[in-house]
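> Numbering that gives the first Met the number 0 puts the first residue of the sequence shown at 0, with every later residue one more than the last.
Yeah, the Cβ is synthetic: ideal placement off N, Cα and C, and Gly gets one too.
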Amino acid sequence: MWQPYTQMKTADPPLPVVRTDGTRITLADGRELIDGVASWWTACHGYNHPHIRDAVERQLGLMPHVMFGGLTHEPAAVLASRLANLLPAGLDKVFFSDSGSVAVEVALKMAVQYWLNRGIRKRHKFIAFKGAYHGDTIGTMAICDPDEGMHRMFAGLLPVQHIIDLPRDENTTAAFEQFLQRHADEVAAIIIEPLVQGAGGMLFHSPDVMRRLRAAADRYGLLLICDEIFTGFGRTGVMFACETAAVVPDIMVLSKALTGGTMALAATIARREIFDAFQSDDPQHALMHGPTYMANPLACAAANASLDLFAREPRLAQVAAISKCLAAGLAECRNLPRVKDVRVMGAIGVVELERIDDMQALKRRLIASGVWLRPFNNIIYLTPAFTMGEDDLLALISAIKSVLTP
Ligand code: PMP
Numbered sequence: 000m001w002q003p004y005t006q007m008k009t010a011d012p013p014l015p016v017v018r019t020d021g022t023r024i025t026l027a028d029g030r031e032l033i034d035g036v037a038s039w040w041t042a043c044h045g046y047n048h049p050h051i052r053d054a055v056e057r058q059l060g061l062m063p064h065v066m067f068g069g070l071t072h073e074p075a076a077v078l079a080s081r082l083a084n085l086l087p088a089g090l091d092k093v094f095f096s097d098s099g100s101v102a103v104e105v106a107l108k109m110a111v112q113y114w115l116n117r118g119i120r121k122r123h124k125f126i127a128f129k130g131a132y133h134g135d136t137i138g139t140m141a142i143c144d145p146d147e148g149m150h151r152m153f154a155g156l157l158p159v160q161h162i163i164d165l166p167r168d169e170n171t172t173a174a175f176e177q178f179l180q181r182h183a184d185e186v187a188a189i190i191i192e193p194l195v196q197g198a199g200g201m202l203f204h205s206p207d208v209m210r211r212l213r214a215a216a217d218r219y220g221l222l223l224i225c226d227e228i229f230t231g232f233g234r235t236g237v238m239f240a241c242e243t244a245a246v247v248p249d250i251m252v253l254s255k256a257l258t259g260g261t262m263a264l265a266a267t268i269a270r271r272e273i274f275d276a277f278q279s280d281d282p283q284h285a286l287m288h289g290p291t292y293m294a295n296p297l298a299c300a301a302a303n304a305s306l307d308l309f310a311r312e313p314r315l316a317q318v319a320a321i322s323k324c325l326a327a328g329l330a331e332c333r334n335l336p337r338v339k340d341v342r343v344m345g346a347i348g349v350v351e352l353e354r355i356d357d358m359q360a361l362k363r364r365l366i367a368s369g370v371w372l373r374p375f376n377n378i379i380y381l382t383p384a385f386t387m388g389e390d391d392l393l394a395l396i397s398a399i400k401s402v403l404t405p
């Protein structure tokens with residue numbers, strides 16, 4: 000097998016896993032690791048939640064999959080209407096796909112074709128931001144930070160997009176405004192990970208930035224796409240990060256925790272006005288996209304069960320408690336050598352170092368102390384399941400402290 004993001008010649012072999020349960024990963028040799036990253040930010044209710052498992056088992060007996068072209072089914076219809084109810088008003092047309100990158104690609108196509116269908120031909124570029132990460136496919140690589148996005152060597156292949164500074168302060172806001180004056184009429188949409196740029200380095204920005212983007216999009220008539228693949232479903236302390244800024248995007252993208260970490264599923268959700276621009280007597284005005292496994296019934300059943308859990312269990316209160324625990328526990332890291340910054344938002348805790356010299360050795364030490372973390376670039380971070388108890392959280396924090404202590 001070919002492992003992701005891995006230099007296969009030099010990397011340690013991957014650890015064989017035989018079981019997951021709650022916040023634990025059990026390895027083939029019997030060792031148990033506390034999962035501090037909830038399987039790439041997906042398993043927000045912990046692993047193997049019985050309510051999700053039951054829903055998937057029931058669905059498996061009825062219909063594991065059926066194509067979505069020309070057919071539909073209740074798990075998808077119910078999920079679409081629940082998402083529309085949950086999301087800020089106006090976001091109510093749901094297109095399902097099977098991964099975050101693909102769902103972002105769909106958002107990009109929706110945005111460009113929105114303008115084309117309205118007879119406006121010039122708007123086919125995107126504004127994205129330094130520090131951004133939106134996926135690994137060709138189209139999404141082009142809107143990642145070229146340095147942080149792990150895609151630098153593909154520069155010659157990628158369409159050239161506008162990757163600029165976030166409008167954080169007076170200078171960057173002025174530069175953003177100047178940029179828009181020059182280029183807005185060739186831009187289809189602005190795309191942003193609201194409040195936290197995740198895979199680009201767990202970089203936080205204030206809700207003001209989001210408000211500036213919405214205001215600029217309105218002023219120049221651009222669409223605003225919020226990629227909430229990481230931030231959605233409670234991770235930042237509210238159900239969707241754009242709520243903190245009271246900003247409603249034109250298109251939102253969700254995946255990761257959508258199924259509570261059970262199945263591959265993603266959704267691109269558009270405001271009705273976007274959808275309406277595709278309604279036409281011209282067949283070419285249709286959205287030409289249709290992943291084979293889109294709206295997979297098992298995945299939709301898992302997502303519906305995950306939404307039940309958000310409704311009936313105190314997830315956001317749990318996130319608030321985790322946030323306090325992370326803030327208190329990680330604060331002491333500030334005094335450790337080479338620590339540049341410690342930051343916490345919702346159930347995200349980040350220790351930023353000046354640099355990590357020997358990543359492999361660091362990973363080995365973390366595993367030896369019984370935790371599963373995925374440090375990258377110069378950061379060690381925690382994104383635990385919202386159901387994680389204090390003991391496990393403290394064990395994760397103490398593992399981080401111990402690897403940073405000389
Ligand atoms: N957008 C964001 C914000 C992400 O964090 C990720 C995945 N890390 C993606 C898009 C891509 O999702 P996937 O890996 O499911 O293609």
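Is it buried or exposed for S435, if we count other Cβ within 10 angstroms and need 16 for buried?
The shown model of the chain, from 0 to 405, leaves out residue 435, and the question about it has no answer.
> Who are the near neighbours of M251 in its chain, counting only those whose CB is closer than 7 Å to its CB and skipping five residues on each side?
If we look at M251 and ignore the five residues flanking it on each side, its Cβ neighbours are L86, L90, C225, E227, I268.
> Less than 8 Å between C-beta atoms, sequence neighbours within five positions excluded: which residues of the same chain meet that for M344?
Hits under 8 Å: L194, V195, F203, T235, G236, S322.
> Would you kindly check if the distance between the Cβ of A131 and the Cβ of F175 is under 9 Å?
For F175 and A131, no; Cβs fall outside 9 Å.
> With a threshold of 16 other CB atoms inside 10 Å of the CB of E104, please say whether the residue is buried or exposed.
Flag for E104 reads buried.
> Please name the residue in S254, G199, S80 whose C-alpha comes closest to that of A406.
Only positions 0 to 405 of the chain appear in this structure, which leaves residue 406 out of reach.
> With three or more beta-carbon pairs closer than 8 Å as the criterion, would you say the region 208-222 touches the region 136-150?
Result no; under three Cβ-Cβ pairs closer than 8 Å.
> For the ligand PMP, I want to know if D135 counts as a neighbour, meaning its beta carbon is within less than 8 Å of at least one of the ligand's heavy atoms.
Within the cutoff, so yes.
> How close, in whole Å, do the beta carbons of G134 and G99 come, if the pair is a contact with beta carbons under 8 Å?
Indeed they touch by this definition, with Cβ atoms about 6 Å apart.
> Less than 9 Å separating the beta-carbons of K339 and W40?
Contact: no.
> By Cβ distance below 6 Å, which residues in the same chain neighbour I126 in space, the five residues on each side in sequence not counted?
For I126, where only same-chain residues beyond five positions count, the Cβ hits under 6 Å are H161, V186, I189.
> How many Å lie between D357 and W1 at the Cα?
About 22 Å.
> Tell me which same chain residues have a C-beta within less than 7 Å of the C-beta of H284, skipping the five on either side of it?
Closer than 7 Å at the Cβ level, and outside the excluded window around H284, lie N116, F277.
> When you compare the CB positions of G259 and H44, do they come within less than 9 Å of one another, or not?
Taking 9 Å as the Cβ cut-off, G259 and H44 qualify as a contacting pair.
> For V17, report the span of its beta strand (DSSP E) as first-last.
Element bounds for V17: 16-20.
> Could you check whether A37 and A304 sit closer than 9 Å to each other, using their CB atoms as the reference points?
The answer is no: Cβ separation not under 9 Å.
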